[in-house]
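>
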Amino acid sequence: MADTPQTSPSWSTWARQHTVRPTGVLAPRSVPELQRQIQDAAAAGTRVKVVGRGRSASAIGQPVGTMLTLEHLTGLVRVDPDNLTATFLAGTTVREANRLLGHYNLAFTNLGRLDEQTLAGAISTGFHGTGLSYGIFAAQVAELKLVDAAGALLTCSPQQNPEIFSAALCGLGALGIIVELTFNVVPQFRLHAAERGHTYQSIVHSFEDRARGADHYEFSWFPGSGEVRTRRLTRLALLTDGYMPASAALSQARRYGGDHLLNNGVFSALSYAGAKMPAAQPALNRVANWAKGNRRYADYSARVFTIHRTVRQNNMEYAFDMSQFAEVMRDMRAHLASYRSQMAYPLVVRTAAADDIWLSQAYGRETFYVSARAYWRQPHAELFGALEGVFKEHGGRPHWGQYHTQDADALARLYPHFNDFVELREELDPSGLFLNPYLDWVLMR
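Here it is, written out as structure tokens:
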């Protein structure tokens with residue numbers, strides 16, 4: 001008997017950029033049940049869109065027709081301590097996966113700053129941290145299982161269905177529904193964080209050397225300011241002395257004070273004030289830089305990599321070849337001097353190793369990313385448009401889950417395997433069961 005989708009409330013992204021009311025909701029409690037639901041939807045000609053936690057700022061996860069949630073397909077399936085792999089159901093959040101790995105003294109080798117998205121959503125949009133020796137989050141995946149538009153369960157790895165594997169590791173939710181993910185993991189480790197201010201010129205002229213000399217390195221900068229803030233993370237097995245132990249009360253207090261009180265409490269108030277008084281935004285940004293101060297602390301890796309963020313934001317990020325760093329920063333600085341009153345958050349620059357994931361921003365090249373954020377109550381179209389103009393001039397690749405205006409024709413010029421991805425999608429889902437307007441726009445030429 002076919003499952004009848006439940007009547008649904010409205011769905012929206014976290015920062016409320018997109019809101020819709022799906023025609024119904026499916027919430028399978030097992031993979032076989034999900035397969036049956038997909039077969040029923042295909043027979044009825046109803047589009048199905050999997051939604052995660054709504055953390056993407058773009059409309060990539062916006063459901064059209066029936067919304068399918070993986071909220072019941074969560075948890076750790078198995079751990080192989082000898083081969084250092086861990087298998088999760090795909091609806092598990094990054095935060096919960098970190099907690100579960102900790103029970104086995106294991107960890108992901110690299111993470112981005114957010115941890116509330118699902119594992120499937122994180123890899124499908126190119127979630128990443130920073131570090132030229134480390135790939136994006138999806139590069140840690142050893143195997144995945146995916147339900148295609150016919151309801152078939154496909155196992156994909158470098159050895160089995162390798163083309164689907166390379167595509168699905170940043171698959172945009174367009175190839176099928178990822179239901180299980182096996183990750184390569186590492187023994188649990190600690191990170192030492194050193195955060196401090198530098199002059200803009202000193203960092204711009206030495207960024208690549210600093211990034212190559214650190215395990216994980218990033219910096220943030222308010223355009224128009226002569227100061228940047230750097231964040232250098234060192235894996236403690238490589239650190240000989242001079243760090244504050246993770247167990248130290250002062251270390252924990254500093255991390256809590258900076259990551260929670262400042263990033264959510266103080267910065268929320270400053271952002272709100274800037275939205276009400278745009279002319280005061282540059283002065284408020286100086287307060288934000290001052291409040292951060294210089295700090296050093298250590299803790300388990302997942303606690304240092306990630307941050308619990310409660311302030312709603314609009315986001316845009318583009319990625320570039322590492323060799324373009326100086327020219328991109330030069331042009332960006334020249335174009336953005338007049339937008340200081342619109343920037344409640346600094347630009348953030350991070351890096352990643354090259355990979356072979358077809359639609360990864362880091363495909364085929366060592367990469368640096370420039371990320372822009374805007375307080376959700378502030379207008380952002382003009383600022384993001386100015387930034388994107390610079391980014392397009394340099395052939396930047398946009399983040400799939402964030403604001404951008406690139407269509408399929410433009411994106412095809414940026415990704416060598418773009419046409420291969422489109423052909424594979426048509427093979428796996430010829431009727432467009434998993435498409436939505438965003439995917440139509442970025443994939444259909």
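In terms of UniProt numbering, the sequence shown is residues 1 to 445.
All residues carry an ideal CB built from backbone N, CA and C; glycine is no exception.
Which value, in whole angstroms, describes the spacing of the CA atoms of Val25 and Tyr345?
Stepping through the sequence shown from its first residue, residue 25 is reached at position 25. Stepping through the sequence shown from its first residue, residue 345 is reached at position 345. Roughly 36 Å separates the two Cα atoms.
> Please classify Phe434: does DSSP put it in a helix, a strand, or coil?
As a first step, residue 434 must be located in the sequence shown, where it is residue number 434. The answer is coil: DSSP assigns Phe434 none of H, G, I, E or B.
> Indicate whether Val390 and Asp331 have their beta-carbon atoms separated by less than 7 Å.
Taking the sequence shown and counting its residues from 1, one reaches residue 390 at position 390. Taking the sequence shown and counting its residues from 1, one reaches residue 331 at position 331. Yes.
> In angstroms with no decimal places, state the Cα-to-Cα distance between Ala386 and Phe320.
Taking the first residue of the sequence shown as position 1, residue 386 is located at position 386. Taking the first residue of the sequence shown as position 1, residue 320 is located at position 320. Roughly 17 Å between the two C-alpha positions.
> Which residue's Cα is closest to the Cα of Trp400: Ala298, Leu89, Ala174?
Within the sequence shown, numbered from 1, the residue matching residue 400 stands at position 400. Of the candidates Ala298, Leu89, Ala174, the one whose C-alpha sits nearest the C-alpha of Trp400 is Ala174.
> CB-CB under 6 Å to Thr405, same chain, minus the five flanking residues each way: which ones, in chain order?
As a position in the sequence shown, residue 405 is number 405, starting the count at 1. No residues qualify anywhere along the chain.
> Count the C-beta pairs between the segment 199 to 213 and the segment 83 to 101 that are closer than 8 Å, then say yes if the count reaches three, no if not.
With a cut-off of 8 Å, the segment 83 to 101 and the segment 199 to 213 do not count as touching, because too few Cβ pairs lie within range.
> Assuming Glu180 contacts Ala90 (C-beta within less than 8 Å), just tell me the rounded distance between them.
By one-based count along the sequence shown, residue 180 stands at place 180. By one-based count along the sequence shown, residue 90 stands at place 90. Indeed they touch by this definition, with Cβ atoms about 6 Å apart.
> Does the segment 27 to 42 come into contact with the segment 409 to 423, if we say contact requires no fewer than three beta-carbon pairs (one atom in each stretch) closer than 8 Å?
Contact between the segment 27 to 42 and the segment 409 to 423 is absent, because fewer than three Cβ pairs lie under 8 Å.
> Less than 7 Å between the C-beta atoms of Leu233 and Leu191, yes or no?
To locate residue 233, count along the sequence shown from 1; it is residue 233. To locate residue 191, count along the sequence shown from 1; it is residue 191. A contact, by the Cβ cut-off of 7 Å.
> Can you round the beta-carbon distance between Ala352 and Thr367 to whole angstroms, since I take them to be within the 8 Å contact cut?
Locating residue 352 in the sequence shown gives position 352, where the first residue counts as 1. Locating residue 367 in the sequence shown gives position 367, where the first residue counts as 1. Indeed, because the Cβ distance is near 5 Å, the residues count as touching under 8 Å.
> Would Asp355 and Ala139 be called neighbours here (beta carbons separated by less than 7 Å)?
As a first step, residue 355 is located in the sequence shown; it is residue number 355 there, counting from the start. As a first step, residue 139 is located in the sequence shown; it is residue number 139 there, counting from the start. Yes, they are a contact pair.
> Using CA coordinates, which residue listed in Asn184, Arg333, Met316 is at the minimum distance from Val228?
For this step, residue 228 is matched to residue 228 along the sequence shown. The shortest C-alpha separation from Val228 is found at Arg333.
> With burial defined as no fewer than 16 other Cβ atoms inside 10 Å of the residue's Cβ, what is the status of Gln35: buried or exposed?
Residue mapping note: residue 35 aligns to position 35 of the sequence shown, counting from 1. Counting Cβ neighbours within 10 Å, Gln35 comes out buried, since at least 16 surround it.
> Should the segment 114 to 121 be called in touch with the segment 300 to 315, which here means at least 3 C-beta pairs below 8 Å?
Flag = yes, the segment 114 to 121 and the segment 300 to 315 touch.
> Put Val204 into one of helix, strand or coil per three-state DSSP.
Your numbering for residue 204 matches position 204 in the sequence shown. Helix.
> Rounded to a whole number of angstroms, what is the C-alpha to C-alpha distance between Val185 and Asn83?
Counting from one through the sequence shown, the residue named residue 185 turns up at place 185. Counting from one through the sequence shown, the residue named residue 83 turns up at place 83. Spanning the two alpha carbons is a distance of roughly 9 Å.
> Starting from Met316, trace the beta strand (DSSP E) both ways and give me its first and last residue.
Residue numbering aside, residue 316 sits at position 316 when the sequence shown is read from its first letter. Note, Met316: beta strand (DSSP E), 313 to 321.
> Would residue 448 and Ala142 be called neighbours here (beta carbons separated by less than 7 Å)?
Outside the displayed span of the chain (1 to 445) sits residue 448, for which this structure offers no information.
> With distances taken between CB atoms, is the gap from Ser124 to Leu76 smaller than 7 Å?
Along the sequence shown, one-based indexing puts residue 124 at 124. Along the sequence shown, one-based indexing puts residue 76 at 76. No, Cβ-Cβ distance for Ser124 and Leu76 is not below 7 Å.
> Report all residues from its chain with a CB closer than 7 Å to the CB of Tyr403; omit the five preceding and five following residues, and keep chain order.
Position 403 of the sequence shown, counted from the first residue, corresponds to residue 403. These residues qualify, in order along the chain: Ala57, Ser58, Asn314, Asn315, Met316, Phe384.
> Bridge partners of Asn184, per DSSP?
For the purposes of this step, residue 184 is identified with residue 184 of the sequence shown, where counting begins at 1. Looking at the DSSP assignment, Asn184 forms a beta bridge with Thr85.
> State the beta-bridge partners of Met67 as determined by DSSP.
Stepping through the sequence shown from its first residue, residue 67 is reached at position 67. Looking at the DSSP assignment, Met67 forms a beta bridge with Val25, Lys49.
> Tell me whether Gly102 sits in a helix, a strand or coil according to DSSP, three-state version.
On the sequence shown, residue 102 is found 102 positions in, with the first residue counted as 1. If DSSP states are grouped into helix, strand and coil, Gly102 belongs with the helices.
> Can you tell me which residues form a DSSP beta bridge with Leu428?
Position 428 of the sequence shown, counted from the start, is the residue given in the question as residue 428. Paired residue(s): none; Leu428 is not in a bridge.
> As an exercise, report each continuous alpha helix (DSSP H) stretch of at least 4 residues that is fully enclosed by the segment 356 to 410, in chain order.
If we require 4 residues or more, the alpha helix (DSSP H) runs fully inside the segment 356 to 410 come out as 381 to 393.
> Pick out whichever of Leu336, Tyr297, Gln378, His394 has its Cα sitting closest to the Cα of Met322.
As a working mapping, residue 322 is identified with position 322 in the sequence shown. Among Leu336, Tyr297, Gln378, His394, the Cα nearest to that of Met322 is on His394.
> So the beta strand (DSSP E) Glu143 belongs to, where does it begin and stop?
Residue numbering aside, residue 143 sits at position 143 when the sequence shown is read from its first letter. It spans 141 to 147 - the beta strand (DSSP E) in which Glu143 sits, taken as one unbroken run.
> Exposed or buried, what is Gly45 when buried is set at 16 or more other beta-carbons lying within 10 Å of its beta-carbon?
Reading the sequence shown from its first residue, position 45 is the one you call residue 45. Gly45 should be labelled exposed.
> Exposed or buried, which one is Arg212 when buried takes at least 16 other CB atoms within 10 Å?
For the purposes of this step, residue 212 is identified with residue 212 of the sequence shown, where counting begins at 1. Exposed is the call here.
> Secondary structure at Ser157, three-state DSSP: helix, strand or coil?
Against the sequence shown, residue 157 aligns to sequence position 157. Looking at Ser157 - three-state DSSP - the assignment turns out to be coil, as it is neither helix nor strand.
> Considering only their Cβ atoms, is the gap separating Leu144 from Ile178 smaller than 7 Å?
Position 178 of the sequence shown, counted from the first residue, corresponds to residue 178. Position 144 of the sequence shown, counted from the first residue, corresponds to residue 144. In this structure, Leu144 lies closer than 7 Å to Ile178 by Cβ.
> For the alpha helix (DSSP H) that contains Leu336, what are its first and last residues?
As a working mapping, residue 336 is identified with position 336 in the sequence shown. 325 to 336 is the span of the alpha helix (DSSP H), which, as asked, contains Leu336.
> Kindly indicate which residue of Thr155, Asp440, Ser431, Arg235 has the alpha-carbon position closest to the one of Ala43.
Against the sequence shown, residue 43 aligns to sequence position 43. Per the Cα distances, Ser431.
> On the premise that Pro223 lies in contact with Ala337, defined as a C-beta separation below 8 Å, what is that separation, rounded to the nearest angstrom?
As a working note, residue 337 is residue 337 in the sequence shown. As a working note, residue 223 is residue 223 in the sequence shown. Rounded, the Cβ-Cβ distance is 7 Å, consistent with contact.
> Alpha carbon to alpha carbon, what distance is there between Tyr438 and Met67?
Counting from one through the sequence shown, the residue named residue 67 turns up at place 67. Counting from one through the sequence shown, the residue named residue 438 turns up at place 438. For Met67 and Tyr438, the distance between alpha carbons rounds to 15 Å.
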